[in-house]
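In this note's numbering, each number is its position in the sequence shown, counted from 1, plus 340. Ideal Cβ positions, reconstructed from N, Cα and C, are used throughout, including at glycine. All values reported here derive from a predicted model rather than from experimental measurement. Structure, as structure tokens:
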Amino acid sequence: MSEMDEWLINTERTNLFEPNDGIGIKFTILGSLLESQLLLAFDTVVEKNETLHSKVILSKDGKAFYEKMERSNNKMIPMNENWETTLLRQQKVLFEIDKGELLRGFYCLENDKTEVLFLAHHLAIVSNDL
């Protein structure tokens, strides 16, 4: 693996695999929106962001590194419940950072608006990319 394929993670947080170690962002997009438009926008953001195209690996000495992946494991899926319930349920679910999951998106399309909820592992936010 070349030096450019992985880089050291420097963070003051010591437990990378803690379930409540994430950040939630909820917003509303006013107006009608096609699901294909929303998914394309999500895929474009993930594609342009190097951290979101990486997984976290641990070295034998306990240091954590980002390692580039060809395909992201971040998700954008429909919400089948209100955003508060989704947030409370998803806060208990570990991010699979060793498989490249650093961001989960949830959405609810309505006629005149789209509700969006993002949950991000704190490592998705501490990088220089965001």
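7 angstroms CB neighbourhood of Lys-439 in its chain, flanking five on each side removed: Lys-395, Asn-413
Arg-444 and Met-416 closer than 9 angstroms at C-beta: yes
Beta-carbon proximity of Leu-449 to Leu-378, cut-off 9 angstroms: The answer is yes: Cβ separation under 9 angstroms.
Val-456 burial status per 10 Å Cβ neighbour count (16 or more: buried): Answer is buried; the Cβ neighbour count reaches 16.
For Thr-454 and Leu-373, believed in contact at Cβ under 8 angstroms, the rounded distance: Confirmed, Cβ separation roughly 5 angstroms.
C-beta contact flag for Ala-460 and Ile-369 at 9 angstroms: no
Bridge-paired residues (DSSP) for Ala-460: As computed with DSSP, Ala-460 is found in a beta bridge with Ile-363, Leu-443.
Where Ser-399 falls: helix, strand or coil (DSSP): coil
First and last residue of the uninterrupted alpha helix (DSSP H) at Glu-424: 423 to 430
Assigned secondary structure, Leu-449 (DSSP; H/G/I helix, E/B strand, else coil): strand
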